[in-house]
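One structure below.
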Amino acid sequence: MTAPADVLRLRTLLSARLTRDGATAVCAVAGVSPDGRRDLVQLLAVDVGGDEWAAPVALTRLEATDTAPAWLPDGSGVVFLSDRAGERQLHRVGRDGAPPVALTGRPWGVCGVEPAVSPDGRTVVVGARAVPPRDRSEPYRVTDEMWRLEGVGLVRDAVAELFAVDADGGEPVQLTDHGAVPVSVAWSPDGGELLHLSFTLGERPCFQLRALRLADRAERLLWETPFEGFAPVAAWRGAGEIVRTGPNRALAHAEPLDLLVTAAAPDAPERVRTPAADGWLFGLLLGDFAWEHLQTPRIAVADDGGEAFVSVQVGGQLQAWGVALDGPRRARRLLAGDHSAVPLDAAAGRVALGVTSLHEPPDLWVAEPSGAVRRLTRLNGGDYPRGAPFDVLPLPLSGADGTALDAWFLRPHGADGPVPTLLAAHGGPHAGWGQMFGFDTCMLTAAGYGVLLVNHRGSTGYGVDFARDLHGDWGNLDASDLLRAVDAAVAARLAEPTALGVWGISGGGYLAAWLATHDDRFGAAVVESAVLDWTINAGADIGRVFASWLTRAGEAAPPTPAQRAAQSPASFAANCRTPTLIVHHEQDLRTPPANADSFYGLLKLHGCPAEMLRMPQTSHGGSMGLGHPRARVVQNEALLDWFDRHVRPRRPDV
27 MTAPADVLRL
37 RTLLSARLTR
47 DGATAVCAVA
57 GVSPDGRRDL
67 VQLLAVDVGG
77 DEWAAPVALT
87 RLEATDTAPA
97 WLPDGSGVVF
107 LSDRAGERQL
117 HRVGRDGAPP
127 VALTGRPWGV
137 CGVEPAVSPD
147 GRTVVVGARA
157 VPPRDRSEPY
167 RVTDEMWRLE
177 GVGLVRDAVA
187 ELFAVDADGG
197 EPVQLTDHGA
207 VPVSVAWSPD
217 GGELLHLSFT
227 LGERPCFQLR
237 ALRLADRAER
247 LLWETPFEGF
257 APVAAWRGAG
267 EIVRTGPNRA
277 LAHAEPLDLL
287 VTAAAPDAPE
297 RVRTPAADGW
307 LFGLLLGDFA
317 WEHLQTPRIA
327 VADDGGEAFV
337 SVQVGGQLQA
347 WGVALDGPRR
357 ARRLLAGDHS
367 AVPLDAAAGR
377 VALGVTSLHE
387 PPDLWVAEPS
397 GAVRRLTRLN
407 GGDYPRGAPF
417 DVLPLPLSGA
427 DGTALDAWFL
437 RPHGADGPVP
447 TLLAAHGGPH
457 AGWGQMFGFD
467 TCMLTAAGYG
477 VLLVNHRGST
487 GYGVDFARDL
497 HGDWGNLDAS
507 DLLRAVDAAV
517 AARLAEPTAL
527 GVWGISGGGY
537 LAAWLATHDD
547 RFGAAVVESA
557 VLDWTINAGA
567 DIGRVFASWL
577 TRAGEAAPPT
587 PAQRAAQSPA
597 SFAANCRTPT
607 LIVHHEQDLR
617 TPPANADSFY
627 GLLKLHGCPA
637 EMLRMPQTSH
647 GGSMGLGHPR
657 ARVVQNEALL
667 DWFDRHVRPR
677 RPDV
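Structural data, given as structure tokens:
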């Protein structure tokens, strides 16, 4: 269960939806094809209302990518998106064991926006192209600042409109004509309106939230906010009111989101509902294999409109909160304990939760109206926690300025005394480590390594100042926090000081490269999908967001060339003597491959032992995301091989 290829055995919960009566859940569960070459997703029905745990019932087979399930109101079946016939189309499947039926046959398929079923069950709204796609062999001219997007490609290629489809099939009817990218859509409880969010193109792109009245196709623009990295989230709360996030500054400006209640009208007053307490609404904890799907921001509103259920990062946990939508600002935590819980849906007083920890991949749980919480699935059988052979030891720690830090040492089972230790730097950078499953930690601890996790400066879940300390000062407090954690692990006789390594992905790859070029204590570094030269990374998909990170809060001018150079690991490549493996994905638009090309060339030029692993088909999070299981295996093999070669672990006999 801990060899590099064992990652292919994982089954991962992506999403879940409840029937109106809360008695059954449909889960989208990811797995791998028998030949190990394709990631697939199947739909499972899970009994929620029974007194005893029951095995899930397969609604679809593990033979296609079946995602975004939504129940028909009577619970007789599910509509979903599937590529089983080639292009992604809308499908329907019943609970009688009959095969799925395609409801659309659009020549260019439908887009990834989750389908929305009308309250009467007659109509499903999907997103789809309204005009033929461009000829991709032809030259094209770019005028928009943000012209491509990670995971999407050329943004104008993703333009689509909303279409209404009969739940029994038929010709789709076009509802919108905005020339934008649909993000989400939801029916009002009375079935009279659609609440839809779209991403608009142009010199300064933005998100627009609109209400479309079906009777006469009249639309109201409810809210507009500039693109700052993340999409807003919105949901209906009864007739005439919505619950949404705001302001949309979490990524670019390290400002936590608030949960707001407003009327479904333009320029309506906002009522802040998020409690004035520590916590980061929709904060991210880094994990492995499709972790981002489970953490997709969702607002699940209770049937009576009294609460909204959301995930909130508090330190190293994602907590499921029920936030009161009226009266004093208050929230309740649905599930206590050493794990993370993410609300996935709510119906009939029940809340479906995705629950995970450092020791177990996500499974479906349910919170009952009584307050009781029950586990409903064991998607990986008995493989975990048995396959996570480590103890989690909190490591008391403070930064150089006295700021308290969270750190955890994952000590291999049976270890006695200091062990070879690998410092794992998380990406984001506005994210964190904590109770989120990762296969890498299972594999490395099984090989005899201790793994050190640190929520350094820049992490979310610890307040605005903690997150913003990184801005304009990359490589200072963040790197110092990591090195102080290493010192603490050595002082506690957990880490062997002569056998240390460091690795990270994205922002964590940046820190791995920074430490490798500024400190000689590490025997090896693995740098994946990293920003290595901030001038090169001006050409990233969200270059303006990155620019805001290179100056201190309040500085309006773009970063100078000197500021970019001073915060770039590539500027210090001549200092590096740490054997460094660079892993980069050739479809990466967030940290373009030229980062790796330049850094690798500089390391070689200055005589540093370096190798580079290129992944031709994957994008920024390619070794963790859905799509290419072979990339996950190759990355695991490379990680273990590089540290085995250069850190010289004292591996246990097997």
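In terms of the working numbering, the sequence shown opens at residue 27 and continues consecutively.
C-beta atoms are modelled at their ideal positions from N, C-alpha and C, and glycine is treated no differently.
Nearest-angstrom Cβ-Cβ length linking residue i and residue j, presumed shorter than 8 Å
i: Q661; j: S649; result: 4 Å
i: L370; j: R324; result: 7 Å
i: V338; j: G309; result: 7 Å
i: D497; j: R578; result: Note on residue identity: the sequence assigns His, not Asp, to residue 497. 6 Å between Cβ atoms; contact.
i: A551; j: T604; result: 5 Å
i: G534; j: G453; result: 4 Å
Among the options, nearest to residue i - alpha-carbon criterion
i: H117; options: V191, D146, R182 and P295; result: V191
i: A556; options: T606, A579 and A525; result: T606
i: V336; options: P655, R359, A505 and G443; result: R359
i: L479; options: A316, A518, A450 and R297; result: A450
i: A3; options: R160, C53 and L419; result: Since the first residue shown for the chain is 27 and the last is 680, residue 3 is missing from the structure and cannot be characterised.
i: R110; options: G501, D65 and T577; result: D65
i: L254; options: A280, L247, A326 and L405; result: It should be noted that the sequence gives Glu, not Leu, for residue 254. Taking only the C-alpha atoms, the option nearest E254 is A280.
i: G135; options: A184, D32, R547 and P126; result: A184
i: D427; options: T50, F492, L247 and K630; result: F492
i: L312; options: A71, G342, A154 and G57; result: G342
i: A128; options: D194, P141 and L188; result: D194
i: P438; options: L235, A414 and P455; result: A414
i: F435; options: R412, Q461 and H456; result: Q461
i: A71; options: A573, R121 and D61; result: R121
i: G76; options: L247, R401, V368 and L405; result: R401
i: A54; options: P60, V67 and D61; result: V67
i: H544; options: L247, V33 and F598; result: F598
i: E394; options: V74, D242 and P642; result: V74
i: A261; options: A56, R236, R671 and R243; result: R236
C-alpha gap between residue i and residue j, whole angstroms
i: T38; j: P387; result: 7 Å
i: L44; j: F463; result: 24 Å
i: V105; j: G489; result: 40 Å
i: G228; j: T617; result: 22 Å
i: F681; j: V512; result: Because the chain in this structure spans residues 27 to 680, residue 681 falls outside the shown range and cannot be described.
i: S506; j: P446; result: 21 Å
i: F416; j: T429; result: 28 Å
i: L85; j: A124; result: 9 Å
i: H654; j: G647; result: 11 Å
i: S102; j: S108; result: 19 Å
i: T226; j: S41; result: 27 Å
i: P354; j: M469; result: 47 Å
i: G458; j: S224; result: 28 Å
i: G476; j: G440; result: 12 Å
i: A596; j: W500; result: 13 Å
i: D473; j: T467; result: Residue identity differs from the one stated: residue 473 is Ala in this sequence, not Asp. Going from the Cα of A473 to the Cα of T467 covers about 10 Å.
i: P95; j: V52; result: 7 Å
i: E113; j: V157; result: 16 Å
i: G682; j: R35; result: Past the boundaries of the shown model lies residue 682; the chain is included only from 27 to 680, so the question cannot be answered.
Where residue i sits in the DSSP three-state scheme
i: Q613; result: coil
i: I562; result: helix
i: Q589; result: helix
i: C468; result: helix
i: Q643; result: coil
i: N481; result: strand
i: L286; result: strand
i: H544; result: helix
i: D170; result: coil
i: D631; result: At residue 631 the sequence reads Leu, which differs from the Asp that was named. Here L631 sits in helix by DSSP.
i: H672; result: helix
i: Q661; result: helix
i: A538; result: helix
i: G440; result: coil
i: R155; result: coil
i: A599; result: helix
i: S649; result: coil
i: E318; result: helix
i: A433; result: strand
Heavy atom of the ligand GTP within 7 Å of residue i beta-carbon
i: D61; result: As presented, the structure is devoid of all ligands, the ligand GTP included, so that no description of it is given.
Burial state of residue i, where buried means 16 or more other Cβ atoms lie within 10 Å
i: Q200; result: exposed
i: T524; result: exposed
i: D47; result: exposed
i: L628; result: buried
i: A291; result: exposed
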